[in-house]
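Colleague: One structure is given below, represented as structure tokens, and several questions about it will come after.
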Amino acid sequence: MRRTLLRLAGALLGLVAVAIGGSFAWDMRQAYARIRGKSRVIPTAYGDIEYAAGGAGIPVLVVHGGGGGFDQGRLLVDALLGNDIRWIAPSRFGYLGSSMPDGATWDDQAAAFVALLDHLKIERVAVVALSQGGPSALLLAAQYPERVSSLTCLSCGVVASASADQAEANKNGNMLRRVFSHDYTYWGIAKFFKPQLMRVLGASDAVVAGLTPEARGLVSRLIDEMNPAAPRSAGVVFDNTATLPGKRIASIVAPTLIVHARDDLLQLYHNAEFAAQKIPGARLMSFEAGGHVVVVVQQQAVGEAVRAQVRTGWP
Numbered sequence: 289m290r291r292t293l294l295r296l297a298g299a300l301l302g303l304v305a306v307a308i309g310g311s312f313a314w315d316m317r318q319a320y321a322r323i324r325g326k327s328r329v330i331p332t333a334y335g336d337i338e339y340a341a342g343g344a345g346i347p348v349l350v351v352h353g354g355g356g357g358f359d360q361g362r363l364l365v366d367a368l369l370g371n372d373i374r375w376i377a378p379s380r381f382g383y384l385g386s387s388m389p390d391g392a393t394w395d396d397q398a399a400a401f402v403a404l405l406d407h408l409k410i411e412r413v414a415v416v417a418l419s420q421g422g423p424s425a426l427l428l429a430a431q432y433p434e435r436v437s438s439l440t441c442l443s444c445g446v447v448a449s450a451s452a453d454q455a456e457a458n459k460n461g462n463m464l465r466r467v468f469s470h471d472y473t474y475w476g477i478a479k480f481f482k483p484q485l486m487r488v489l490g491a492s493d494a495v496v497a498g499l500t501p502e503a504r505g506l507v508s509r510l511i512d513e514m515n516p517a518a519p520r521s522a523g524v525v526f527d528n529t530a531t532l533p534g535k536r537i538a539s540i541v542a543p544t545l546i547v548h549a550r551d552d553l554l555q556l557y558h559n560a561e562f563a564a565q566k567i568p569g570a571r572l573m574s575f576e577a578g579g580h581v582v583v584v585v586q587q588q589a590v591g592e593a594v595r596a597q598v599r600t601g602w603p
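Remember, the numbering used here sits 288 above the position in the sequence shown when you count from 1.
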């Protein structure tokens, strides 16, 4: 009897493993197909730069966050910016089809953005950056002021800190490095442990519990569209090891909007306070709650503010 039960249990586990393996294979085919043929790649002095672009109107450079790529930039366009702009969404260093240059810095990434704009013959853009897209966007505005009409930082990393809260946030960042190391690692966690992953991504249990059905659907899309993970892994490592710009942002002259939630567990609120203090004339739009997904939790308010900011300096 015992031997029979063990055989049945083994057979059941085998069926479960086959089902999970089949689900993984199917989802990965879908994930790779979703990004295939949706972007262009150009050679530059900083290696290959991948980007997607579309629309017409004010040109906007949309800089994705950690775990993203040109596809996450497009998601930000859909969620916040609308259709009356000319959007350009690059993949940053080490993400999808963009190279990871040896010894790269955020300064290099900013220069690579300029190379992309030159290729597209765009003299001046509004810049909208999310999370770890912030450092390179901030340095683009600081070092190439003539190319940036306005800057919007959404839950962005800006400055290092030695606080206990920062140490905990760094643990989340290091965990993301491991999670993104292989397709199956990220897929499995995103598939079966999504609430826990959301906490690692900077949203508290209270934020997760309070999501509306619409917001929950958008967060799920954000998480699911980080598949495939492996082509993003080098970028995630870079994001968690490169030196943040810190006080260098004080030279920014572009009109700047900073959007941040006080309960962000990944990019702590001190980043927003520092940026608002250092960038002349910067405007801080803060929320008590929303965590690192505040752009989803407060989608309508943030979208209206971002669209208004993009129009700054344009007729």
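Heads up, the beta-carbon is just placed ideally off N, CA and C, and yes, glycines get one too.
Computed from a predicted model, the values in this text were never measured in an experiment.
Curious, which full-length beta strand (DSSP E) runs of at least 3 residues does the stretch 539-582 contain?
Modeller: For the stretch 539-582, the full-length beta strand (DSSP E) segments reaching 3 residues or more read 544-549 and 571-575 along the chain.
Colleague: With three or more C-beta pairs closer than 8 Å as the rule, is the stretch 448-458 touching the stretch 498-509?
Modeller: no
Colleague: How would you write the range of the beta strand (DSSP E) that Ser437 sits in, first residue to last?
Modeller: Ser437: member of the beta strand (DSSP E) spanning Val436 to Leu442, first to last residue.
Colleague: Which of helix, strand or coil does DSSP assign to Ala243?
Modeller: Summary: the structure shown does not reach residue 243, with the chain confined to residues 289 through 603, and so no result is reported for it.
Colleague: Does DSSP put Gly591 in a helix, a strand or coil?
Modeller: helix
Colleague: To the nearest whole angstrom, what separates the beta carbons of Asp336 and Ser386, a pair I think is in contact under 8 Å?
Modeller: 6 Å
Colleague: Under a three-way DSSP split, which group does Ala491 fall into?
Modeller: coil
Colleague: By DSSP, does Glu502 sit in helix, in strand, or in coil?
Modeller: helix
Colleague: Should Ser311 go down as buried or exposed, given a rule of 16 or more other Cβ atoms within 10 Å for buried?
Modeller: Exposed.
Colleague: Using the Cα positions of Ser449 and Ser443, report the straight-line distance between them to the nearest angstrom.
Modeller: 16 Å
Colleague: For the putative contact between Pro354 and Asp527, defined by C-beta atoms under 8 Å, what is the C-beta separation to the nearest angstrom?
Modeller: A quick correction: the sequence has Gly, not Pro, at residue 354. Contact flag correct, Cβ pair sits at about 5 Å.
Colleague: Which word fits Thr544, buried or exposed, when buried means at least 16 other C-beta atoms lie within 10 angstroms of its C-beta?
Modeller: That one is buried.
Colleague: Measuring only the C-alpha atoms, how far is Tyr383 from Pro519?
Modeller: 6 Å
Colleague: For the stretch 532-543 and the stretch 431-439, state whether three or more C-beta atom pairs, one from each stretch, are separated by less than 8 Å.
Modeller: yes
Colleague: Please classify Asn462: is it buried, with 16 or more other beta-carbons within 10 angstroms of its beta-carbon, or exposed?
Modeller: Exposed.
Colleague: Would you report the Cα separation of Ala593 and Met388, rounded to the nearest angstrom?
Modeller: 33 Å
Colleague: Within 8 Å, do at least three Cβ pairs link the stretch 559-571 to the stretch 463-473?
Modeller: The answer is no - the stretch 559-571 does not touch the stretch 463-473, with fewer than three Cβ pairs under 8 Å.
Colleague: Between the C-alpha atoms of Val416 and Leu404, what's the straight-line distance to the nearest angstrom?
Modeller: 16 Å
Colleague: Shortest alpha-carbon distance to Arg333 belongs to which of Arg595, Arg571 and Ala398?
Modeller: According to the sequence as given, residue 333 is Ala; it is not Arg. That would be Ala398, whose Cα lies nearest to the Cα of Ala333.
Colleague: Using only the alpha-carbon positions, how far apart do Leu426 and Leu489 sit?
Modeller: Cα-Cα distance, rounded: 22 Å.
Colleague: Okay, do the stretch 508-517 and the stretch 319-328 touch, 3+ Cβ pairs below 8 Å being the bar?
Modeller: yes
Colleague: Helix, strand or coil for Thr531 per DSSP?
Modeller: coil
Colleague: Going by alpha carbons, who is nearest to Ile323 out of Ile346, Leu363, Leu349 and Val350?
Modeller: Leu363
Colleague: Please name the residue in Thr531, Lys459 and Gln586 whose C-alpha comes closest to that of Gly422.
Modeller: Thr531
Colleague: Applying the 10 Å Cβ sphere with the 16-neighbour rule, what's the burial state of Gln588?
Modeller: exposed
Colleague: In whole angstroms, what separates the C-alpha of Met573 from that of Val547?
Modeller: Their backbone Cα atoms lie some 5 Å apart in a straight line.
Colleague: What does the Cβ neighbour count give for Ala596, buried or exposed, with the cut at 16 atoms within 10 Å?
Modeller: Exposed.
Colleague: Suppose the cutoff is 6 Å on Cβ atoms and the five residues either side in sequence are ignored; what does the same chain contact list for Pro603 look like?
Modeller: none
Colleague: Ile598 and Ile373 look like a contact to me (Cβ under 8 Å); what is the Cβ gap, rounded to whole Å?
Modeller: Note that residue 598 is Val in the sequence shown, not Ile. About 7 Å separates the two Cβ atoms, so the contact holds.
Colleague: Just checking my contact of Pro378 with Val446 at CB under 8 Å: how many whole Å lie between their CB atoms?
Modeller: No, Pro378 and Val446 are not in contact; Cβ-Cβ is about 20 Å, not under 8 Å.
Colleague: Let's test the definition: count the other Cβ atoms within 10 Å of the Cβ of Arg328 and tell me whether it reaches 16, buried, or not, exposed.
Modeller: Looking at its Cβ environment, which holds fewer than 16 other Cβ atoms inside 10 Å, Arg328 is exposed.
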